[in-house]
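Chemist: Have a look at this one before I ask anything.
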Amino acid sequence: MPRPNPDTIAFTIDGLEVNAPAGMMLADAAKLGDVEIPVFCYEPKLGAPVGACRMCLVEIEGIPKLQTACSTPVRDGMAVTTQTARVKEAQEAVLEFLLINHPLDCPVCDKGGECPLQDITFGWGPGRSRFIEPKRHFVKPLALSPLIAIDRERCILCYRCVRFSQEISEDYQLVLQERGAESFVSTFDGHPYVAPFSGNIVELCPVGALTSQPYRFRARPWDIEGSGSVCLGCPTQCNVEYTVRDERVLRVLSRQHDGVDDGWLCDRGRFGYQSFHADQRVTHPLMRVDGELVPVGWERALDEAAAALMAAGAQTGAIAGGTTTNEEGWLLQELMRGGLSSPNLDSRQGGMLPRALHAALHAPSLQATVPDLEFAHAVLVIDCEPVDDAPILDLRIRKGVRRNGVQLAIASSRPSSLDANAQVVARYAPGAGEAFCVALNAALAESDAGPGSAGRHGIVEELADAAGADAAEIRTLAELLRGDGDVRDVVILYAERLTQGMRGEHAARALLNVAGRVIPADYDGAGLLEVPAGTNGRGLREVGVLPNAGPGLEPSTLIGLDTAAIGASAAAGAIRALYLLHVDPLRDLPARRTWRGALRRADAVIAHADFLSEGLWEHATIVFPAESHAEKEGTITHPDGRVQRLRPAIARPDAVRAEWNVLADLSARLDHDPQVLSGPMASARLFEAVPFYAGLTLDELGGRGVRWPARPGAASWPAADMGPFGLEVPPHAPTPNGSLRLGTFRSIWAAHEVEIAPALKFLRHAQRAELHPSDAERLGIAHGGRVTVGAHGSQISATAVLRSSVPEGSVFVEQGIAEDSAAELDDGGLVEVTPQ
Amino acid sequence: MTQTILFSGIDEPGLNTIDVYRRRGGYESLRRVLTQMTPEQVTDELIASGLRGRGGAGFPSGKKISFIPKVNVDKYLVCNADESEPGTFKDRELMQKSPHMLIEGIVIGAFAAGANRSFIYIRGEYVEQADIIDAAILEAQDAGFLGEDILGSGFDLSLVLHRGAGAYICGEETGLLDSLEGKRGNPRLKPPFPANQGLYQGPTVINNVETLATMPHIIRMGGAEYAKIGTESSTGTKLVSVSGNVRRPGNYEIELGVSSREIIYGLAGGPPPGRDVKFWFPGGSSSPVLTKDDLDLAYDFNTLAQAKSMLGSGAIIVVDDSNAVVDVALKLAKFYKHESCGKCTPCREGTRWTVSMLERVDSGLATPMDLDIMASVQEQIMGNCLCVLGDAMAMPVASMITKFRDEFEGHIEAARARNPWGPGAVAGGDADPVLIQGAVGA
C-alpha cells in the first residue's frame, strides 16, 4: 500500500482561504488556518472519527444542518464558518450538557490545569449552567487496574479509551456498559484491565476519569516541568516526556514521533520510572572489601579499577549492555583497545558475524523504517514477538493490517500474539531460524524458476523438515511475499536472536538471500528491520563495541573474543578481568552456568550498574553507580538508523557521576586520554570517529533525531557482502523423541524495572513452561501444575501452562526473570519436562 | 379507502401459508421480475411508483436502491422489522398475517439492488411473528423462492431472520446494522451511508417491512399505475396504526391524502363519548403533536411536514381532554431517556435533564422559568445529535410546551397548591424541599 499523497486543495474558514491536503478532516485542516475547533472524542491516532461528543459542530455553506468538523473531510471550495451565532449556540449547548453530569471537582482532580474539558469550557462554554437537578452518581474512584483509577462521574463518554482497547491495542477488554446517561466504561466482566499498553488510555482521557494510580495526587500541573528524552527500555526507543517535580520523575508521557512510536507507550516504559528513585539503587561507588560490597570514594574506586585493569591488560573482557549509549560504547572501546590493547569486547550476546555481513544486514540500501511497517504490501516477522521484543512495533503492525490492508506473515517457533492478524503463519522448531530461512529461500527460488525448474525436486520438503516446519506453509509464505508479480513493498522484521549463536552467520546469509529475492535494492518502503536484543544494540555495533570491528565498522587490527567466548575464557582463566557495562551476565545472558564460573574465577569484575542484581551482588569487585534513564546524556541509535538524543531530565542523585565521565577518567588513568571533558564533547568525538555519523551535531538531532542512512554520510557505510550466498545445508532440528525441544523467550515484563517499580511489581511472575496439551497429557502434566524442566544436569522449576497453539514437541520457558531463568538451560536443545 | 392493497384479503385464513398466498396470486410479481425484468427495470418501476419509505423518514425507496454502487462486492438487503416506535404496530399485523408478501418484496428488492444476502431484523418482543416468518422462510426456500438460482434465473438470495433484544435504538438503521453484526447497537456516523458501507462494510439497502411488502404490488400494478393512488408527492396507500383515546383502535389502510379527521373519527371512531381530541401524534411518538384544529389536514407526507410535524411511521396516537399534557410529555421523555444509547452528548444528557425537569413540573417544584429552560434544552438537542433519537424526544416535547404552555404553568401551580412542601412531605418523609431544590444527592 503506497503512502497517501493527497492533492492540496483550498477552502475558506471564517473567511480566510487556507490550503490543506484533500481529505484531511476539517478539525485538523482548520488548524492550518489558525482556527481551533474544540474536540473531545476526536483523536486522529485512534482511526476513523466517531462523532460522539458533538463539540466540533461547524457551519458549512450549502449544508442546512451543522456538521461535525471531526468527520467532515475538506473539499476544494468548501466554505466553513466557526464563529456564527448558530455554531456558538451549539458549542455552548454541548458544553452545558457535558457538564451537567460532571462533578466539577477540578480542585481535587489530577487533570485540573491540564484538562481539555476545563480548557474548552473556558474557551467555548456558556460560563454558567441552568442545571439544578441532582447529578448522576457512581461509586468512585475504582481501580480499573492496579495502574489505572477510574472515576466514572468525571467521564464524558468520549469513547477514546474503548476505541484504544478495541482498535489500537486490540486487546478488546474495555467496553461501555449500560445505556444513555447510565453508560459507563468497564471491562465486560469487571476484570482488571491489564494489558501491555493499558496506560495509554490515561493519556487519551480528555478529563480526569482515568488517572494513573502511581501519579494520583503527586503533583499539580503548576508544580511540574516536562523534559523530553528517549525511553531506554527496549529497542523501539519511544520518545518520552518525563514529568519532573523537584528532581524526581513522577510520570512518563508520550512525545509523539510518527517515525518512531506513533504516540504510544507500553506500560513498562510508562510506569517503570519509579525504579529511578528506588531505595535499592546504587548511588555510590562500591568495592568488595572482605567479601562485602562497601561504599568508597570515587578516587579510590577509580584507582583500584585502573590497577585491576592494568594488571589484567589484554586479558580483559568487556561487555556492553543494551542501555549503553553510543558515547559510552565508544569510550569503552577506546578504553579497551587504546588503554588495554584488548580487543575482547562485545555488545551482542554471542556469535560473531563477519563485518561484511553486519554491513549487509544494515546497509542503507536495504534498510526499512518503522513507518514502512504500516504502508508495506507485506510484512514478514521472523523469529520475533514484537509485543515482547519491541512492544510499540506490535501496535504499528496492527495498525498497518487494520487500516492499510498490510498482508502480515508470521514465522516463529512460539505462537505470536499477532497470529490472528496474519494471513500466513508458519511455525518451525525452536532454534531452527536458519533452517527456516534456507527453506524459504528454496521455496522462493522454486517459485522464481517455475514448476519443473532446475531446483532439485523435494528440496523445499527436505529443508522444511530440517526446520521442523511445514513445506506447504513455507510455500504459501513465499507466494505471499511474491504477490502477483508486481514489485511489492516487503518489509522483513526479524529479531537479533536469529543471527546470534553458533550458526548466526549462516542464518544471516540465508536471511540476506531471502531479502535479495523479495526486496529490490535501493527501494523506498521495503527492506530489513532488525529488532536488536538490547535497546541500543545497533548503535553499539556502529560505534565499535564488537570484537571484530572498530568505530564505523572499520576493520579491527586484532580480532577479539565475542561474548560467549569471553565467558568461556574467563571460566577457563584466560580472561582475568571483566568489565560489565550495564549488564549482569547471570541475569541478561544465556549460558548461566558458564558465567557463574567466569565471575567466580575472574580476578576483577568491574561493573556499571544502577541495581545489584544477583551476579553483581555476589561477584562484582568494583561497582560504579550507573545513571538512570532520565539522567543520561548522549545519543542512541534506533534500529532503523535514527540517531536520537538523550537529554537529562533530573540531576544525578548522591555520588552518581556521568558514565562518559567515569569511562573517560578510567581511560586516562590507563594512559589513553580520550580528551572528553563534557557530554557534548563525547558526542562530538563520537561523530568524528564514526564516518557515517560525520557532520552530525546535537543541534541537528534536536528532539526528533536524524536517520543517518538518509544523510549524505551514508556513503561511508562500509562495503557489504550482499550475496547471494551459497548456503550450507542447515543442521536438522533435534527430534523430540519423547523429550521436548526447548524454546526460550523474554517477555515484556522480564525487566528489572518491573521488579523494582512498586506500580509494576504485580506483573512479575515466576517461570512458566508453555507446552501443548497432548504433550502434557503424555507426560502426566496438568495445567497449573509444577514441573521441572531440565537437561544435562541443569534444571529449573516452572508452572505448566497448556496452550493448544504451542507446536507439539516443544516447550517454551522464559529468560530474563529473576528466578529459574531459562538461561540455566541451553537453547535449541532437548529437555525433559517432568511433573514435580 | 377506495382501494386496499396491502390489506386486501389480509384476514383470509391461512394467508400465512405459501399455498394460500400463491392461490391469491402471490409470488407472481417475483416470477415476472426474475424472468422478464432487469434490476434496472425493477428500480425504474419503483422510482416511477413514487413509493416513499414507510419506516419514518419517508425517503424515496426506488432512489435508495439506485444509490447502491454497481460494483462486484457482497451487497446486502436488510428488512427493518424492529418496529419499536411507540404507537406503531402495522408491521406486526403484516408479518403475522401475510409473511410471504414481505418475503416476496425482499427478493424483489434484493434483485433490484443486486444483493445476495438479506436479513430481517425483528424486534424480540414479536415472538409469534418471528416464528411465523421463520416458517414462511422455510416454505419459500422449499418452493424455490429463496436460496440458489431462484426460479432458474441464476439469482441467489439467502434470508435470515434475526431477533433483536429489545432496544429502541436498534430500529435506527445504523444501530440495527451494528446490532446485526453482533456489536452494541449504537448508531454510526453518517456518511458513509449504508448504501455505500453498511452491513459488514458492504453496500446495504435497509427498508421497512411495509415498504418491502408494497414492492410486489407495484410490480403487479406497474409503477405508473401505483403512482395514481394518493397525492402527487405521497403516492399509494399507507397503513396507519391508530391508538390512544379512540373507540376503534387498530390498523387501517388509507389512501395518502385523505383528511386526518376521516381517519381518526371515520375509521377509528374518535374519542369516547363526551370527550374531545386534545392533541394527536400524526406519525408515532416522535412526531410533534398537532391539535384538534389540525384535524382537517390531509394525511400525507408534505401536508404534515408543512404543519411542522411529520407522517413518520403512520402511527396516530390520539390524546383526548381527559389527559394532562404533562403526563404525556413525562411518559414520552422517560421512554427516550431510557432508550438513549448514550453515544452522543445532546441526546444522552438532554433526555435525562428533560425528564428531571418534567418531574419537577409534575410535582410542583418548578417555575415557569423552568419551562423556558426546558424549551431551550429541546432546541439544543434538535439537529445536534448523531442520530435522530434525541430529536425524537425533543420535537414532541417542544411542540407540547409551545402549544400547551398555559396547561404546563397551571399544572405547576396546581401541584404546588396541593403540596406546598414538595412530594417528600406527602409521602410522610422528612425530605427538606430546600435540599431537593439545591440538587444534592441522587
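Going down the list, the protein sequences come from chains Y and W.
Start counting the first sequence at 32; every next residue gets the next number (the numbering used here).
Start counting the second sequence at -19; every next residue gets the next number (the numbering used here).
Idealized CB from N, CA, C, for every residue including glycine.
Taking its Cβ as the centre, do 16 or more other Cβ atoms sit within 10 Å of K44(W), making it buried, or is it exposed?
Modeler: Buried: at least 16 other Cβ atoms inside 10 Å.
Chemist: Using the three-state DSSP reduction, which class does T355(Y) fall into: helix, strand or coil?
Modeler: Three-state result, T355(Y): coil.
Chemist: Using alpha carbons as the reference points, say which of D45(Y), H783(Y), V418(Y) and V283(Y) lies closest to E256(Y).
Modeler: Of the listed residues, the one whose Cα sits closest to E256(Y) is V283(Y).
Chemist: Alpha helix (DSSP H) containing P348(W): first to last residue?
Modeler: Unbroken alpha helix (DSSP H) run through P348(W): P348 to I361.
Chemist: For T217(W), which residues in chain Y fall below 7 Å Cβ to Cβ?
Modeler: Those do not exist, as T217(W) stays about 31 Å from chain Y at its closest Cβ, beyond 7 Å.
Chemist: Measuring alpha carbon to alpha carbon, tell me which of F718(Y), L861(Y) and E801(Y) ends up nearest G824(Y).
Modeler: The residue with the shortest Cα to Cα distance from G824(Y) is L861(Y).
Chemist: Pull out every residue of the region 62 to 83 of chain Y whose Cβ sits closer than 7 Å to any Cβ of chain W, in chain order.
Modeler: Cβ contacts with chain W come from P80, V81, G82 and A83.
Chemist: Quick one, which of E801(Y), W739(Y), L57(Y) and G733(Y) has its alpha-carbon nearest F723(Y)'s?
Modeler: The shortest C-alpha separation from F723(Y) is found at W739(Y).
Chemist: Restricting to runs no shorter than 4 residues, where is the alpha helix (DSSP H) found entirely within the region 698 to 760 of chain Y?
Modeler: The region 698 to 760 of chain Y contains these whole alpha helix (DSSP H) runs: 710 to 720 and 729 to 732.
Chemist: Which residue wins for smallest C-alpha separation from R458(Y), given the options A502(Y), R433(Y) and D479(Y)?
Modeler: Comparing Cα positions, the closest option is A502(Y).
Chemist: Does any C-beta atom of chain Y lie closer than 8 Å to the C-beta of G155(W)?
Modeler: Taking Cβ atoms only, chain Y never reaches closer than 8 Å to G155(W), which makes this a no.
Chemist: Interface residues of chain W around K430(Y) at Cβ under 7 Å?
Modeler: Under the 7 Å cutoff, chain W gives no residues; its nearest Cβ is about 18 Å from K430(Y).
Chemist: Do you know how far the Cα of A240(Y) is from the Cα of Y273(Y)?
Modeler: Their Cα atoms are separated by approximately 22 Å.
Chemist: Comparing C-alpha positions only, which one of I597(Y), F642(Y) and L612(Y) sits nearest to R627(Y)?
Modeler: Selected option, being the one with the closest Cα: I597(Y).
Chemist: Please confirm whether A37(W) and R103(W) have their CB atoms less than 8 Å apart.
Modeler: Against a cut-off of 8 Å, the Cβ pair of R103(W) and A37(W) comes out as no contact.
Chemist: Please state if the CB of F776(Y) and the CB of E845(Y) are separated by a distance shorter than 8 Å.
Modeler: Yes. Within cutoff.
Chemist: What in chain Y is Cβ-close to I353(W), meaning under 7 Å?
Modeler: In chain order: R161.
Chemist: In the region 317 to 334 of chain W, which residues sit with their C-beta less than 9 Å from some C-beta in chain Y, listed in chain order?
Modeler: Within the region 317 to 334 of chain W, the residues whose Cβ lies closer than 9 Å to some Cβ of chain Y are K317, H318, E319, S320, C321, G322, K323, C324, T325, P326, C327, R328, E329, G330, T331, R332 and W333, listed in chain order.
Chemist: Run through DSSP, which three-state label would D412(W) get?
Modeler: The predicted position of D412(W) is uncertain, since its pLDDT is 48 and thus under 50; a value taken from the coordinates is nonetheless stated next. Residue state, collapsed to three classes: coil.
Chemist: So which residues of chain Y does R164(W) contact, with C-beta pairs closer than 8 Å?
Modeler: Under the 8 Å cutoff, chain Y gives V206 and L207.
Chemist: Indicate whether V291(Y) and R673(Y) have their beta-carbon atoms separated by less than 8 Å.
Modeler: Contact flag set, yes.
Chemist: Measuring CB to CB, does P237(Y) end up less than 8 Å from L169(W)?
Modeler: No; because the gap between Cβ atoms is not below 8 Å, this pair is not in contact.
Chemist: Is there a Cβ of chain W sitting closer than 8 Å to that of E164(Y), yes or no?
Modeler: Yes - at least one Cβ of chain W is within 8 Å of the one on E164(Y).
Chemist: Closest by CA to F384(W), which one among F281(W), D307(W) and L118(W)?
Modeler: For the residues F281(W), D307(W) and L118(W), the minimum Cα distance to F384(W) belongs to D307(W).
Chemist: For A526(Y), which residues of its own chain have a beta-carbon under 6 Å away from its beta-carbon, when the five flanking residues on both sides are left out?
Modeler: Same-chain partners within the cutoff: D414, C415, D420 and V562.
Chemist: Taking its Cβ as the centre, do 16 or more other Cβ atoms sit within 10 Å of E405(Y), making it buried, or is it exposed?
Modeler: Looking at its Cβ environment, which holds 16 or more other Cβ atoms inside 10 Å, E405(Y) is buried.
Chemist: Quick check on DSSP: helix, strand or coil for E786(Y)?
Modeler: Here E786(Y) sits in helix by DSSP.
Chemist: Against chain Y, does S336(W) count as a neighbour if the rule is that its beta carbon must be under 8 Å from one of theirs?
Modeler: So, interface residue.
Chemist: Starting from I131(Y), find everything on chain W with Cβ-Cβ shorter than 7 Å and list it in chain order.
Modeler: Near I131(Y) (Cβ distances below 7 Å), the residues of chain W are E329 and W333.
Chemist: Suppose the cutoff is 7 Å on Cβ atoms and the five residues either side in sequence are ignored; what does the same chain contact list for Q67(W) look like?
Modeler: Per the sequence presented here, residue 67(W) reads as Gly, with Gln not at that position. Excluding sequence neighbours, G67(W) sits near S221, S223, F261, G264, S265, A295 and I297.
Chemist: Could you tell me whether the Cβ atoms of L643(Y) and V654(Y) are closer together than 8 Å?
Modeler: Yes.
Chemist: Give a yes or no on whether 8 Å exceeds the smallest Cβ distance from Q286(W) to chain Y.
Modeler: Chain Y contact via Cβ: absent.
Chemist: Could you give the first and the last residue of the continuous beta strand (DSSP E) run that contains S258(Y)?
Modeler: Where S258(Y) is concerned, the enclosing beta strand (DSSP E) stretches over E256 to V261.
Chemist: I want to verify the contact list: residues of chain Y whose CB lies under 7 Å from the CB of G363(W), in sequence order.
Modeler: Going along chain Y in sequence order, the residues near G363(W) (Cβ under 7 Å) are K96 and L97.
Chemist: Would you check if there are 3 or more beta carbon pairs closer than 8 Å linking the region 196 to 204 of chain Y to the region 426 to 439 of chain Y?
Modeler: At 8 Å Cβ cutoff, the stretches touch.
Chemist: Taking the beta carbon of D593(Y) as the centre, do at least 16 other beta carbons fall within 10 Å, making it buried, or is it exposed?
Modeler: With 16 or more Cβ atoms within 10 Å of its Cβ, D593(Y) is classed as buried.
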